[in-house]
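Asks: Here the protein sequences come in this chain order: A and B. The opening residue of the first sequence carries number 1 in the working numbering; numbering runs sequentially from there. The opening residue of the second sequence carries number 1001 in the working numbering; numbering runs sequentially from there. Think of the CB as a built atom: it goes at the ideal place given N, C-alpha and C, for glycine as much as any other residue.
2 protein chains.
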Amino acid sequence: MIKAAVMGYGTIGSGVAEVLNINQESIAAKIGEGIELKYVLDVRDFPGDAIQEKVVHDVNVIVRDPEVKIVVETMGGVEPAYTFVKSMLEAGKHVATSNKALVADKGAELIALAKEKNVNFLFEASVGGGIPIIRPLNSSLTADEIEEITGILNGTTNYMMTRMAEEGVEFQDVLKDAQEKGYAEKDPTADVEGYDACRKIAILTSLACGQQVDFQEIHTEGITKISAVDMKYAKKMGRVIKLLALSRKTDGGYQAMVAPFLLSQSHPLYHVNDVFNAIFVRGNVLGDAMFYGSGAGKLPTASAVVADMVDIARHLDKNIWVEWSSKKMALADFKKAEHTFFVRTSSDPKTVSDVFGEVDFTDAGIEGETGFVTSVMTEEAFADKAKELSGILSVIRVGK
Amino acid sequence: MIKAAVMGYGTIGSGVAEVLNINQESIAAKIGEGIELKYVLDVRDFPGDAIQEKVVHDVNVIVRDPEVKIVVETMGGVEPAYTFVKSMLEAGKHVATSNKALVADKGAELIALAKEKNVNFLFEASVGGGIPIIRPLNSSLTADEIEEITGILNGTTNYMMTRMAEEGVEFQDVLKDAQEKGYAEKDPTADVEGYDACRKIAILTSLACGQQVDFQEIHTEGITKISAVDMKYAKKMGRVIKLLALSRKTDGGYQAMVAPFLLSQSHPLYHVNDVFNAIFVRGNVLGDAMFYGSGAGKLPTASAVVADMVDIARHLDKNIWVEWSSKKMALADFKKAEHTFFVRTSSDPKTVSDVFGEVDFTDAGIEGETGFVTSVMTEEAFADKAKELSGILSVIRVGK
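1) What are the boundary residues of the beta strand (DSSP E) that includes Y254 (chain A)?
2) Please work out which residues of its chain come closer than 8 Å, Cβ to Cβ, to T1157 (chain B), disregarding the five sequence neighbours upstream and downstream, and give them in chain order.
3) Return helix, strand or coil for S375 (chain A), following the three-state DSSP convention.
4) Helix, strand or coil: which one does DSSP assign to M1160 (chain B)?
5) Could you tell me whether the stretch 282-302 of chain A touches the stretch 10-21 of chain A, using the rule of 3 or more Cβ pairs below 8 Å?
6) State yes or no: is the C-beta of S390 (chain A) within less than 8 Å of the C-beta of G368 (chain A)?
7) Near P1349 (chain B), which residues of its chain fall below 7 Å by C-beta distance, leaving aside the five closest residues on each side in sequence?
8) Nearest by alpha-carbon distance to L1393 (chain B): which of B:I1031, B:A1228 and B:F1215 is it?
9) I need the boundaries of the alpha helix (DSSP H) containing Y195 (chain A), first residue and last residue.
10) Can you give me the start and stop residues for the beta strand (DSSP E) that T150 (chain A) sits inside?
11) Helix, strand or coil: which one does DSSP assign to Y183 (chain A)?
12) If H57 (chain A) and V72 (chain A) are in contact, beta carbons under 8 Å, what's the gap, nearest whole angstrom?
13) Does the beta-carbon distance from F342 (chain A) to V373 (chain A) come in below 8 Å?
14) State the Cα-Cα distance for the pair E1036 (chain B) and H1267 (chain B), rounded to the nearest angstrom.
15) Exposed or buried, what is P1047 (chain B) when buried is set at 16 or more other beta-carbons lying within 10 Å of its beta-carbon?
16) With DSSP collapsed to three states, give me the class of A1337 (chain B).
17) Determine the chain A residues that contact L1299 (chain B) at a beta-carbon separation under 8 Å, and present them in chain order.
18) Please list the terminal residues of the continuous beta strand (DSSP E) segment that includes K242 (chain A).
19) Counting contacts by CB-CB distance shorter than 8 Å, is A1029 (chain B) in contact with chain A?
20) Scan the stretch 252-272 of chain A for residues whose Cβ lies nearer than 7 Å to a Cβ of chain B and list them as they occur along the chain.
21) Can you list the alpha helix (DSSP H) stretches of 4 or more residues lying completely in the stretch 1292-1364 of chain B, in chain order?
22) I need the boundaries of the alpha helix (DSSP H) containing K1069 (chain B), first residue and last residue.
23) Do we get a CB-CB distance below 8 Å when we pair P349 (chain A) with the residues of chain B?
24) Determine the direct distance from the alpha carbon of N99 (chain A) to that of G77 (chain A), and round the result to whole angstroms.
25) Please list the partners that S303 (chain A) has in chain B, where partner means a Cβ-to-Cβ separation under 7 Å.
26) If you draw a straight line from the alpha carbon of K1328 (chain B) to that of A1202 (chain B), how long is it in whole angstroms?
27) Please state whether DSSP places A1468 (chain B) in a helix, a strand or coil.
28) Is the Cβ of I152 (chain A) closer than 8 Å to any Cβ of chain B?
29) Find out if the Cβ-Cβ distance for the pair T1097 (chain B), S1126 (chain B) is shorter than 8 Å.
30) Determine whether the beta carbon atoms of S1326 (chain B) and E1109 (chain B) lie at a separation below 8 Å.
31) Along chain A, which residues have their Cβ under 9 Å away from the Cβ of S1098 (chain B)?
32) Counting only C-beta atoms, is F123 (chain A) closer than 8 Å to chain B at any point?
33) Should the stretch 1271-1285 of chain B be called in touch with the stretch 1131-1138 of chain B, which here means at least 3 C-beta pairs below 8 Å?
34) Tell me Y82 (chain A)'s beta-bridge partners as DSSP assigns them.
35) Would you be able to state if there are at least three C-beta pairs under 8 Å between the stretch 1304-1320 of chain B and the stretch 1161-1174 of chain B?
36) Going by other Cβ atoms of all chains shown within 10 Å of its Cβ, with 16 needed for buried, is T83 (chain A) buried or exposed?
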């Protein structure tokens, strides 16, 4: 039996224990040997839980036990996860994590450390929950130069956008519903402001370019300004509004951003609803591919963590190549990014035409405002022109 | 430089040379070393082609050259591909293939031989063209027991079904169009009779259960009987007709089949159009996932072959675990499989109700016939009842 430990017995950590238990036989068949959970590190005790005898409160118990080969980190946040993971790698243990904050911030460093120690640091569950996307990018799409990654990477906001589109309700109402259903946290900031999606697209872009993309540099807008009236216009245009996280390779370097976009029915992400995630990838020889599935949730996410454990168990003696150096990849200037913009303004159509030239007006039957879609222009050109309108009620970019 | 050879310089083989050339720098960065094509084996010469100096006609030139580490097989068909691949593995060379006929027939044996020789036999391109599906099944969804795989695995027939749905044209007309566009071969049998999809679902099912599933045992129906009238009924029901290849784990074992199905808009494969492929997978802990992309074509398929070459280059000293033993997995009795059936008959509605009990009638405005959907029943129960109707014009199963 290969001995493992779980650090952080919350939703995902307990899911890992559950998956190892449910599928123990088939997992053992895929490795040639079973995986046995020896320790669970947590500040709490779990009386009555099947793992109660395995609980330890001191990380060093795991660090010092040479029998433990695989350590799962499902604590979340950068510290103390970072310190703990580093100790494990330095002690020659392999690590699998679901922690996007840790991976976005310290990924390159931990990958390098794992390589140096000839162990593995894997993080499939950090993006897209149960959807295989890290390993496909790292091991499957290797013949390609990745030209574009566009994802619906946050299930909470996608659930909210879906409900707003279908029921015409306002943001605050659907947020309350999402919180009641357990899809949104009490403090929903990380989801609704796009911070969660931002870290995930930083990870995917780093893997696509093989260098460090700092999430702090990614232009990020959330969904908090999206209203029922915006949804009315979207419906009128035959579109939906989705929070997209995207990165594109351009002549000026990689462009990355997180923002709501209006998508038409022909867009591959148009049909991705509720808490589902999907990642669209374009390779220079592959063309278009898409990966779709449960982007969050206890068992789907745990499934990805345990798959990393299986991969590690098959590579106990070998570092799996991960192309992500600490060399920093500066992103292209966001102001130069080109988009088309849907705008709602209190200015009249004549003023709009005077400022923006030829535009597509949409009448959603809302009094006292004008809705229109611009031609393609840079972010800075749009910002300049928008100043000339008397009142901007809403701006949403239009997906290609 | 890692030396490689390509056997079979047709569409895919020449695509492999092209991809290795286009992305040589990024590929080298992902391995730490470049891949150099040393030989191209073909019966033909290719004067004027960039690879003309590399052409050899004798397979033994490659077998006997210890410098060649990776051999690509893109010849198609079981023989002589099988004999050649076996020689390469026995000589300690790694093999990547796009050949579904070879993999469906000899996969288990070649995987075992590769393991014995501590080399690799990879076949990502044999199913789904450029879509990563073999590696995800083999390396990503390993925490799960796979309960269902349902795929649109043949681009030619999906193109034809899409055009028939959109334009109301007949099978023969759309086949002619597909042949003119190069999507269908002069002899389209393998595609339109479902034989191609059958081999692919045999491969995926073998990987899902880790045992040998013989494609000859899979119930296979093609699309040749689908008519413009069937499409009219589908439209009336808000459905599309797709050629599905599917396998399901049931209490009675794995069920597998290839046949046209009527899909409603809520089905994840409903929106997969034209030459695109998609594979829906359900895992017991993951839930639902879907993989979508270019299922065929020169460069997408070559992208998958070259990705296998990169994986091999990273595992020159190590056999990558593939769970597919030669132990035979007998499929569940097809007669016991449960479906709902859409039927067109010249019998009147009263006779239909007398025979099938409660059904859903659909009036597509076609004179002299009755269209209806049955309740769920086994294949054999349906066949028995259908005999009691005077004239069956069409039978298409309805997707879940």
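Replies: In terms of the structure at hand:
1) G253 to S264
2) D1191, V1192, G1194, A1197, G1222, I1223 and L1243
3) coil
4) helix
5) yes
6) no
7) F1361 and T1370
8) Per the Cα distances, B:A1228.
9) Y195 to C209
10) I146 to I152
11) It is coil, neither helix nor strand.
12) H57 (chain A) to V72 (chain A), Cβ: 17 Å. No contact.
13) Yes, the Cβ-Cβ distance between F342 (chain A) and V373 (chain A) is below 8 Å.
14) 44 Å
15) exposed
16) Coil.
17) V285, L286 and G287
18) Counting along the chain, the beta strand (DSSP E) containing K242 (chain A) begins and ends at R239 to T250.
19) yes
20) H271
21) 1298-1313 and 1349-1356
22) That residue, K1069 (chain B), is in no alpha helix (DSSP H); its beta strand (DSSP E) goes V1068 to E1073.
23) Under the 8 Å criterion on CB atoms, P349 (chain A) is classed as non-interfacial with respect to chain B.
24) 7 Å
25) A1143, D1144, G1283, V1285 and L1286
26) 12 Å
27) With chain B running from 1001 to 1400 in the structure shown, residue 1468 (chain B) is simply not present.
28) no
29) The criterion of a C-beta distance shorter than 8 Å is satisfied by T1097 (chain B) and S1126 (chain B).
30) yes
31) The contacting residues do not exist; S1098 (chain B) stays about 13 Å from chain A at best.
32) Residue contact with chain B for F123 (chain A): absent (no Cβ-Cβ distance below 8 Å to any residue of chain B).
33) yes
34) According to DSSP, which records beta bridges pairwise, Y82 (chain A) is partnered with nothing at all.
35) no
36) exposed
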